[in-house]
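In full-length UniProt numbering, the protein residues as written are 1 to 466. By construction, the Cβ of each residue, glycine as well, lies at the ideal position given by its N, Cα and C atoms. Beneath this line is the structure, given in structure tokens, with notes to follow.
Listed below in structure tokens is the structure:
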């Protein structure tokens with residue numbers, strides 16, 4: 001097995017997580033407009049200025065001891081390192097390459113210089129360069145290269161190089177230090193400290209980057225879950241609307257056709273076909289409205305006028321159901337149309353339609369309907385006797401009741417449906433209760449077709465993940 005086969009493939013989500021974690025613009029205070037390509041982190045500018053101040057201090061050696069080539073080279077290299085720090089995040093690879101080259105030149109200068117240059121704090125910039133590459137670049141090859149260079153630099157650190165330089169050899173007593181084992185102690189301690197510093201720096205940088213990558217994956221998983229939940233809710237809504245639009249009408253068509261075939265006669269058949277045509281035409285109109293709604297054409301919404309309650313009652317009777325119905329008066333229904341929300345009106349209407357369709361489909365041909373409106377609530381009760389041999393089975397039974405329960409849940413209502421004993425016979429009863437808006441005034445004139453009051457729309461603040 002090759003090495004490329006052992007390595008886990010990098011997915012698009014991994015690349016997105018890496019880009020999120022290494023986006024320094026959203027996590028640093030910038031000098032200049034954030035959208036400008038010239039904007040740089042303020043902390044990098046501060047680091048560069050501090051390094052330039054070190055160069056200014058080093059230049060005092062030239063003033064005191066003359067323009068020796070080693071002093072001049074030290075100042076020039078320090079200035080180059082300082083300027084490279086300004087691009088520590090803006091151009092992380094270029095900054096690292098320039099910094100590493102200049103630091104290597106500084107090490108060589110310390111090793112060959114005949115004059116003492118001292119231990120400059122500029123050497124600490126090596127740790128910043130390693131941290132920047134691992135933290136902000138994210139490329140494994142560049143991170144590995146920076147780490148290897150840092151390890152080499154730790155082994156050949158300025159303390160060790162100065163220990164073997166001509167300037168140290170020219171100092172009085174250097175031979176005695178060499179004879180007492182001071183070289184070994186110096187090298188071991190210096191290398192150990194530098195290697196430990198590099199390890200801690202690399203660990204901190206990789207930990208910070210991986211933490212943000214993991215955070216991005218968590219947020220992405222949450223967004224994906226929210227999208228899937230929204231899609232599932234859309235499918236549930238579509239299934240509920242399709243059932244309500246077509247299920248009731250198809251049930252009526254089926255009963256009307258069966259009645260026409262059973263009774264026979266040209267007049268009865270013509271009447272049944274007329275009812276079937278009327279029901280199918282109404283269903284087609286509602287399906288077209290639903291399609292327009294799904295396509296986002298206009299402001300089309302499912303019809304939700306409570307006047308359709310009487311239409312549902314008439315349709316059930318025309319389909320052959322012997323229905324004893326008690327509905328609120330026209331004025332009361334008109335006032336409810338004006339004051340209730342569309343969702344509340346639709347829940348009441350669908351409850352009546354579903355109950356009557358079930359009575360046609362599973363009952364013995366008769367039913368009792370009661371719709372009452374009290375203060376703050378509307379109750380729907382439909383009771384139909386069951387055939388002596390029990391309810392007639394139907395493929396897909398329960399789908400309509402499940403959708404109706406969802407509607408009741410959305411409006412904070414309740415639904416009870418099931419068989420029970422009543423007056424010595426077995427009946428199926430459906431009771432739905434819908435909490436409704438309270439009228440602002442009992443003397444208010446009804447406004448048929450008035451838009452439903454809009455509820456508060458909760459909003460989620462846009463939090464910047466850090």
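Buried or exposed (CB count within 10 angstroms, at least 16 for buried), residue i
{"i": "residue 185", "result": "exposed"}
{"i": "residue 372", "result": "exposed"}
{"i": "residue 340", "result": "buried"}
{"i": "residue 19", "result": "exposed"}
{"i": "residue 356", "result": "buried"}
{"i": "residue 298", "result": "Note that residue 298 has pLDDT 48, beneath the 50 cutoff, so the model's placement of it is unreliable and the number below is only indicative. So residue 298 counts as exposed."}
{"i": "residue 158", "result": "buried"}
{"i": "residue 407", "result": "buried"}
{"i": "residue 323", "result": "buried"}
{"i": "residue 219", "result": "exposed"}
{"i": "residue 34", "result": "exposed"}
{"i": "residue 11", "result": "exposed"}
{"i": "residue 433", "result": "buried"}
{"i": "residue 58", "result": "buried"}
{"i": "residue 122", "result": "buried"}
{"i": "residue 421", "result": "exposed"}
{"i": "residue 163", "result": "buried"}
{"i": "residue 193", "result": "exposed"}
{"i": "residue 36", "result": "exposed"}
{"i": "residue 360", "result": "buried"}
{"i": "residue 273", "result": "exposed"}
{"i": "residue 201", "result": "buried"}
Endpoints, the alpha helix (DSSP H) within which residue i is located
{"i": "residue 158", "result": "158-163"}
{"i": "residue 154", "result": "140-155"}
{"i": "residue 112", "result": "92-112"}
{"i": "residue 335", "result": "330-339"}
{"i": "residue 127", "result": "125-132"}
Opening and closing residue of the beta strand (DSSP E) in which residue i lies
{"i": "residue 373", "result": "366-374"}
{"i": "residue 319", "result": "Segment: none, residue 319 is in no beta strand (DSSP E) and carries neither H nor E."}
Reduced DSSP category for residue i - H, G, I as helix; E, B as strand; rest coil
{"i": "residue 378", "result": "strand"}
{"i": "residue 411", "result": "coil"}
{"i": "residue 78", "result": "helix"}
{"i": "residue 355", "result": "helix"}
{"i": "residue 425", "result": "strand"}
{"i": "residue 306", "result": "coil"}
{"i": "residue 311", "result": "helix"}
{"i": "residue 388", "result": "coil"}
{"i": "residue 435", "result": "strand"}
{"i": "residue 87", "result": "coil"}
{"i": "residue 418", "result": "strand"}
{"i": "residue 198", "result": "helix"}
{"i": "residue 383", "result": "strand"}
{"i": "residue 119", "result": "coil"}
{"i": "residue 430", "result": "strand"}
Candidates the options, of which the one nearest residue i by Cα
{"i": "residue 187", "options": "366, 156, 65, 100", "result": "156"}
{"i": "residue 204", "options": "134, 310, 432, 94", "result": "134"}
{"i": "residue 366", "options": "428, 122, 229, 403", "result": "428"}
{"i": "residue 425", "options": "42, 105, 386, 233", "result": "386"}
{"i": "residue 436", "options": "53, 114, 351, 343", "result": "343"}
{"i": "residue 309", "options": "319, 321, 320, 326", "result": "326"}
{"i": "residue 127", "options": "234, 100, 257, 91", "result": "100"}
{"i": "residue 125", "options": "111, 146, 253", "result": "146"}
{"i": "residue 401", "options": "83, 376, 430, 374", "result": "430"}
{"i": "residue 24", "options": "13, 39, 221", "result": "39"}
{"i": "residue 209", "options": "276, 274, 152, 137", "result": "137"}
{"i": "residue 90", "options": "61, 27, 78", "result": "27"}
{"i": "residue 111", "options": "225, 165, 71", "result": "165"}
{"i": "residue 333", "options": "93, 349, 77", "result": "349"}
{"i": "residue 345", "options": "410, 368, 314", "result": "410"}
{"i": "residue 419", "options": "161, 30, 93, 362", "result": "362"}
{"i": "residue 354", "options": "315, 376, 330", "result": "315"}
{"i": "residue 17", "options": "67, 120, 221", "result": "221"}
{"i": "residue 46", "options": "328, 88, 214", "result": "88"}
{"i": "residue 276", "options": "152, 253, 183", "result": "253"}
Any chain C beta carbon closer than 8 Å to residue i
{"i": "residue 36", "result": "In summary, chain C is missing from the structure at hand, where a single protein chain is found."}
Complete beta strand (DSSP E) runs within the stretch 12-64 (minimum length 3 residues, chain order): Taken in chain order, the whole beta strand (DSSP E) runs of length 3 or more contained in the stretch 12-64 number zero.
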